[in-house]
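**Student:** Residue numbering for the sequence shown is 1 to 303, as defined by the UniProt record's numbering. Built from N, CA and C at the ideal position, the CB exists for glycine as well. For reference, the structure I am asking about is given below.
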Amino acid sequence: MSRGSRVAIIGAGSVGASIAFALLLQKISSEILLVDIVPEAIEGQVLDLSDANFISSTRVRGGTFQEAGQCDIVVITAGAKQKSGETRVELIERNYKVLDNVIGSMKPFNPNIMLLLVANPVDVLTRIAQKLSGLPEKQVFGSGTFLDSARLRLKLSSELGISENAIHGYVLGEHGDSQIIAWSSAHVGGKPLLDFPEIQKLDKEVIAKEIANKAYKIIELKGATYFGIAGCVSMLVQCIVLNQRHIRPLSVYVKEYDCVFSMPVVLGSNGVERIVDVSLSEEEKNKLRRSASDLKSICAKYL
């Protein structure tokens, strides 16, 4: 890919517009297409984003689903929000229909296209998108626990008084209630994270819940989350366009667990190049197996 890459964002709500703005700031794509079934939403966001266009040469405009299918990268944010009292299975059923519509409307695809799923539940929808699109699995992946891992590093940074960039640790598995923190493989400057006295005194279950529930707290206070995921997506797009081959925890198909959830992967211009096999304790592996079993049972209906 090149800096002339075209990025389409499906869904012109707060998340889609925040991603578009973050990409505008990066100046790495020649064009950003906003696609939505509500024309007024597209028009309003494009007009608003155009006011910031003086900071970038990237063109932002509304587009069609067919145009999106010919872009280099498509970010799918469109999805139904969970209603009060609605089960996760019911939400997935509604989002399956949305995703089926979106993917069907974009076909035929540019054969080298990358589909990045952001809509939730991201692991299940990524697996469904892999099936519906017919594209190679390495080209269809989800944002997964990238944001959760960023939240973890921010928390640990404040505890250790060390830059976030120096902390190497991941939240893995489902982007949701069964996610785990891979404490046993985390390290700082080559030193195991668990060897730091500041970390030893922490209640790790409390930390895990704080990371997993941060989104709920934001939603409670302001109604939605969008800046964090916009930052994550902009970094992932940059990683693909510039072939940076960074390691990020993303929703991908993991053969060992026979499901889609987050593991560290090498991401570049060809998509997911490989999964990095991190060392995990037996307890952490067992938690991932339970998470995988739950996700597989949900996905079975659609595969």
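Going by DSSP, what residue range makes up the beta strand (DSSP E) through Ala8?
**Tutor:** Counting along the chain, the beta strand (DSSP E) containing Ala8 begins and ends at Ser5 to Ile10.
**Student:** Can you find at least 3 beta carbon pairs, one from the stretch 238-249 and one from the stretch 206-223, that sit closer than 8 Å?
**Tutor:** Contact between the stretch 238-249 and the stretch 206-223 is absent, because fewer than three Cβ pairs lie under 8 Å.
**Student:** CB Ser279 to CB Gln179, shorter than 9 Å?
**Tutor:** The answer is no: Cβ separation not under 9 Å.
**Student:** Since Lys296 and Cys239 are thought to touch, with beta carbons under 8 Å apart, how far apart are those beta carbons, to the nearest angstrom?
**Tutor:** 28 Å between Cβ atoms; not a contact.
**Student:** How would you call Gln200, buried or exposed, if buried means at least 16 neighbouring beta carbons within 10 angstroms?
**Tutor:** Gln200 comes out exposed.
**Student:** Taking only runs that begin and end inside the UniProt domain "Lactate/malate dehydrogenase C-terminal" (145-300), name each unbroken beta strand (DSSP E) of 3 or more residues, in chain order.
**Tutor:** Complete beta strand (DSSP E) runs here, min 3: 246-254, 259-268 and 271-275.
**Student:** Around the C-beta of Pro111, are 16 or more other C-beta atoms found within 10 angstroms, so that it is buried, or is it exposed?
**Tutor:** Pro111 should be labelled exposed.
**Student:** Entirely within the UniProt domain "Lactate/malate dehydrogenase N-terminal" (6-142) and at least 3 residues each: give me those beta strand (DSSP E) ranges in chain order.
**Tutor:** Complete beta strand (DSSP E) runs here, min 3: 29-35, 59-62, 73-76, 114-117 and 140-142.
**Student:** Which residues in the same chain as Leu194 place their Cβ atom closer than 8 Å to its Cβ, once the five residues preceding and following it in sequence are excluded?
**Tutor:** Around Leu194: Trp183, Ser184, Ala186 and Gln200.
**Student:** By alpha-carbon positions, which one of Pro192, Tyr170 and Arg289 ends up nearest to Pro264?
**Tutor:** Measuring from the Cα of Pro264, the nearest candidate turns out to be Tyr170.
**Student:** Using 10 angstroms around the beta-carbon of Phe54, count the other beta-carbons present and answer buried if the total reaches 16, otherwise exposed.
**Tutor:** By the neighbour-count rule (16 or more Cβ atoms within 10 Å), Phe54 is not buried but exposed.
**Student:** Buried or exposed: where does Gly176 fall if 16 or more other Cβ atoms within 10 Å of its Cβ makes it buried?
**Tutor:** Buried.
**Student:** Excluding the 5 residues preceding and the 5 following Val124 in the sequence, name in chain order all residues of the same chain whose CB lies nearer than 7 Å to its CB.
**Tutor:** So the qualifying residues of the chain are Ile92, Leu295, Ile298 and Cys299.
**Student:** Comparing C-alpha positions only, which one of Thr77, Leu172, Val60 and Leu221 sits nearest to Asp48?
**Tutor:** The residue with the shortest Cα to Cα distance from Asp48 is Val60.
**Student:** Measure the beta-carbon distance from Ala78 to Ala129 and round it to whole angstroms, keeping in mind my assumption that it falls under 8 Å.
**Tutor:** 12 Å between Cβ atoms; not a contact.
**Student:** Which same chain residues, not among the five before or five after Ser143, have their C-beta less than 8 Å away from its C-beta?
**Tutor:** Cβ neighbours of Ser143 beyond the five flanking positions: Leu116, Leu117, Val118, Val122, His175, Ile229, Cys232, Val233, Leu236, Leu250 and Ser251.
**Student:** Using a Cβ-Cβ cutoff of less than 7 Å, which residues in the same chain neighbour Val266 once the five nearest sequence positions on both sides are dropped?
**Tutor:** Excluding residues within five positions, the ones whose Cβ falls inside 7 Å are Arg245, Ile247, Glu273, Arg274 and Val276.
**Student:** In its own chain, which residues sit with a C-beta less than 8 Å from the C-beta of Phe65, not counting the 5 before and 5 after it?
**Tutor:** Taken in chain order, the residues that qualify are Ile10, Val35, Val102, Ser105 and Met106.
**Student:** What do you reckon, are the CB atoms on Leu152 and Ile211 nearer than 9 Å?
**Tutor:** Yes; because the gap between Cβ atoms is below 9 Å, this pair is in contact.
**Student:** To which residues of the same chain is Lys27 closer than 7 Å at the C-beta, ignoring the five residues directly before and after it?
**Tutor:** Closer than 7 Å at Cβ, skipping near neighbours: Ser56, Ser57 and Thr58.
**Student:** Note down the Cα distance separating Ser149 from Tyr96, rounded to an integer number of angstroms.
**Tutor:** Cα-Cα distance, rounded: 27 Å.
**Student:** With distance defined between alpha-carbon atoms, name the residue in Phe109, Met114, Pro108 and Lys81 nearest to Val98.
**Tutor:** Answer by Cα proximity: Lys81.
**Student:** From Thr126, Tyr226 and Phe141, pick the residue whose C-alpha is nearest to that of Ala20; which is it?
**Tutor:** Ala20 has its Cα closest to that of Tyr226, out of Thr126, Tyr226 and Phe141.
**Student:** Output needed for Val7: all residues of its chain with C-beta closer than 8 Å, excluding positions within five of it in sequence on either side, in chain order.
**Tutor:** So the qualifying residues of the chain are Leu23, Ser29, Glu31, Ile32, Leu33, Cys71, Asp72, Ile73, Val74, Val75 and Val237.
**Student:** Around the C-beta of Ala292, are 16 or more other C-beta atoms found within 10 angstroms, so that it is buried, or is it exposed?
**Tutor:** It counts as buried.
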